[in-house]
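> Note that the UniProt record's numbering numbers the sequence shown so that position 150 is 150, with each residue one more than the last.
Glycine is no exception: its CB is placed at the ideal position from the N, C-alpha and C atoms.
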Amino acid sequence: MYPNPIQEFIARFASLPSIGPRQASRLAFHLLKKSTGELQDYANVILALHQDLNVCAECFYVSGGKDKNCEICNDPERDQSVICVVEKETDTAAIEKTGRFKGLYHILGGTISKLEPESYKKLRVKELFERIKTSQKEKTPVKEAILALNPTPEGDMTALYLERVLKATGVKITRLGRGLPSGADMEFADEETLGEALDSRKEMKTK
Ligand SMILES: [Zn+2]
């Protein structure tokens, strides 16, 4: 159908989130018209993702340069007693945009999926548990964990699992309140709705 370089481009890019084979082919033909210098610029920004960035040792968000911790964890003005648990990095960015949260984050790295029974093992739950436990021996212990997970079956399952695990730490466990429609992805919610859901968070109390 297409010459090899285009086929390989499509196979590679179609594996990215939100890009299917059709979008990947369109991208290939769009980039084909660019100069070699411009294509080099694209290649450079992709490579820079690994050269100039790190994963925060504390919350697993991205940190620039050689910093061990991200800007949020390093900020002394942030409230260390509240941790907002999110599925992915872009959720942290969405909550930051609301300007209504001044605590810290923890990026789980996914949710529990019914189709993948082992999926819970890939989440950074042990790291979260240890982080809370360690804080309890320090000056500013974590007092609340906000489970800012999407109102989807996966988000619900993950929240219930986290609640069960975190119960042993004794911290207050809350979940986002009203506003986010069922099935929504908070990444795409407007700032007002997400801020409102944060402000109206409710304590989880299952037996
Ligand atoms: Zn961090």
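Return yes when the C-beta of I83 is under 7 Å from any heavy atom of ligand 1, and no when it is not.
Outside the cutoff, so no.
> Taking 7 Å as the cut-off, is the beta-carbon of N69 closer than that to any non-hydrogen atom of ligand 1?
yes
> Terminal residues of the continuous alpha helix (DSSP H) containing Q23?
P21 to L32
> How far does the alpha helix (DSSP H) with Y105 in it reach, from first residue to last?
Premise fails: Y105 lies in the beta strand (DSSP E), G103 to I107, not in any alpha helix (DSSP H).
> With DSSP as the reference, label D79 as helix, strand or coil.
strand
> For E192, which of E96, H106 and L108 has the nearest alpha-carbon?
E192 has its Cα closest to that of E96, out of E96, H106 and L108.
> Any heavy atom of ligand 1 inside 7 Å of the beta-carbon of K72?
One point to set straight first is that residue 72 is Ile, not Lys, in the sequence displayed. I72: yes, Cβ under 7 Å from ligand 1.
> For K205, report the span of its beta strand (DSSP E) as first-last.
It is not in any beta strand (DSSP E) - K205 carries neither H nor E in the DSSP assignment.
> Roughly how many angstroms separate the alpha carbons of A74 and I107, rounded to a whole number?
Correcting the residue identity first, residue 74 is Asn in this sequence and not Ala. Straight-line Cα distance between these residues: approximately 16 Å.
> Heavy atom of ligand 1 less than 7 Å from the Cβ of residue 220, yes or no?
Nothing about residue 220 can be read from this structure; the chain reaches only from 1 to 207.
> Is the distance from the Cβ of V125 to the Cβ of V165 below 8 Å?
Going by C-beta atoms, V125 is nearer than 8 Å to V165.
> Give the straight-line distance between the Cα atoms of D185 and A197, rounded to the nearest whole angstrom.
Using only the alpha carbons, I get a separation of about 13 Å.
> Whole angstroms are fine: how far does the CA of D156 sit from the CA of residue 209?
Residue 209 falls outside the range modelled here, since the chain spans only 1 to 207, and no answer is possible.
> Identify the continuous beta strand (DSSP E) that holds S63 and give its terminal residues.
V62 to G64
> Contact between the segment 87-105 and the segment 170-188 is defined here as three or more beta-carbon pairs at a separation below 8 Å; is this criterion met?
yes
> Ligand 3 heavy atoms versus the CB of Y42: any closer than 7 Å?
No copy of ligand 3 occurs in the structure displayed; its ligands are ligand 1 alone.
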